[in-house]
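Below is one structure, written out as structure tokens; the observations come after it.
2 protein chains.
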Amino acid sequence: MAQALLHVCTTCRREGAAPPDGPRPGAQLLAALLAEPLPEGVAILPVECLSACSNGCAVALSAPDKWTYVYGRMDPETHAAAILQGAAAYAATADGLVPWRERPEIFRKQSLARIPPLPALDPIPALKDAAE
Amino acid sequence: MAQALLHVCTTCRREGAAPPDGPRPGAQLLAALLAEPLPEGVAILPVECLSACSNGCAVALSAPDKWTYVYGRMDPETHAAAILQGAAAYAATADGLVPWRERPEIFRKQSLARIPPLPALDPIPALKDAAE
Numbered sequence: 550m551a552q553a554l555l556h557v558c559t560t561c562r563r564e565g566a567a568p569p570d571g572p573r574p575g576a577q578l579l580a581a582l583l584a585e586p587l588p589e590g591v592a593i594l595p596v597e598c599l600s601a602c603s604n605g606c607a608v609a610l611s612a613p614d615k616w617t618y619v620y621g622r623m624d625p626e627t628h629a630a631a632i633l634q635g636a637a638a639y640a641a642t643a644d645g646l647v648p649w650r651e652r653p654e655i656f657r658k659q660s661l662a663r664i665p666p667l668p669a670l671d672p673i674p675a676l677k678d679a680a681e
Numbered sequence: 550m551a552q553a554l555l556h557v558c559t560t561c562r563r564e565g566a567a568p569p570d571g572p573r574p575g576a577q578l579l580a581a582l583l584a585e586p587l588p589e590g591v592a593i594l595p596v597e598c599l600s601a602c603s604n605g606c607a608v609a610l611s612a613p614d615k616w617t618y619v620y621g622r623m624d625p626e627t628h629a630a631a632i633l634q635g636a637a638a639y640a641a642t643a644d645g646l647v648p649w650r651e652r653p654e655i656f657r658k659q660s661l662a663r664i665p666p667l668p669a670l671d672p673i674p675a676l677k678d679a680a681e
């Protein structure tokens, strides 16, 4: 079955939202996600820094043979359910490409990047050469 | 040997830099990269849209078992050599983590995101369950 890894940056700050000594908004987002029912096929993986620091809170979706997606400016207080809804839709695809209208609005509007899946090794000459 | 896939968005625009009917800055960046000597272990892969449209030109580095990196606001006229230098350094690592001081300045300052490598399947319960 298709799967999705939901990477959650736990060190993210948000502009104007983080008291200096309080929990990081990224950690708050992780807690909010863990408090929701986990959709089938989705695993949540905390990560220290997704290097999207100017667009926190950030999350990323990846899985073998699928496009990877990164989203920013997630709100720990309001976005957890939509993030998981989007992760479930991603998990249900073969290639990670969820039809536009089926994506949560925060995924449609707050994409930071997407990256193609790693190709099979054979068709890439540079990789094939190295394997020989 | 370690390898690097350098994904180059060919549809990227840059703010104020693209005439409406001219070649896209992303395509110009691809051409500039292809005009430079290709470092050992690096393969250049054009891609239509990295979904980093507000931060074009965008490129991404990925490879099996390595962190993926995405960089934005690349300049086709001035950044090609530094991008390839950074890609070569990435290719030479086992995990994609290039020491900070060895990264080109544009990589240090213009990171859009990084994503952990896909884990081996066994340690991830959700994936392990699905494989059984």
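Protein chains in written order, with the numbering used here: chain A, 550 to 681; chain B, 550 to 681.
Cβ coordinates follow ideal geometry from the N, Cα and C atoms, glycine included.
CA-to-CA distance, residue j to residue i, given in whole angstroms
i	j	result
TYR620/B	LEU579/A	25 angstroms
LEU582/B	GLU626/A	43 angstroms
ALA638/A	ILE632/B	34 angstroms
LEU555/A	GLU589/A	12 angstroms
VAL653/B	ALA553/A	Before going on, a small fix: residue 653/B reads as Pro here, not Val. Looking at the two C-alpha atoms, the distance is approximately 32 angstroms.
GLY575/A	ALA612/B	27 angstroms
ALA609/A	ARG650/A	19 angstroms
LYS615/A	ALA641/A	11 angstroms
ALA636/A	CYS602/A	21 angstroms
ILE655/B	ALA584/A	38 angstroms
CYS558/B	GLN634/B	18 angstroms
GLY571/A	ASP624/B	39 angstroms
ARG573/B	LEU594/B	16 angstroms
Nearest to residue i (by Cα), restricted to the options the options
i	options	result
ARG657/B	VAL647/B, ILE664/B, SER603/B and ALA601/B	VAL647/B
PRO586/B	ILE664/B, TRP649/B and ALA629/B	ALA629/B
THR560/B	LEU599/B, THR642/B and PRO668/B	LEU599/B
ASP644/A	THR617/A, MET623/A and GLN659/A	THR617/A
Rounded Cβ spacing between residue i and residue j (contact assumed at less than 8 angstroms)
i	j	result
ARG663/B	GLY605/B	At roughly 19 angstroms, the Cβ-Cβ gap does not stay under 8 angstroms, so ARG663/B and GLY605/B are not in contact.
PRO665/B	VAL596/A	6 angstroms
GLN659/A	ARG622/A	5 angstroms
Whether residue i touches residue j by CB criterion (8 angstroms)
i	j	result
ALA607/B	LEU661/B	yes
*Completely contained beta strand (DSSP E) runs for the stretch 589 to 617 of chain A, where each covers 3 or more residues*: 591 to 596 and 608 to 611
*What are the complete beta strand (DSSP E) segments, minimum 3 residues, inside the stretch 637 to 666 of chain B?*
660 to 664
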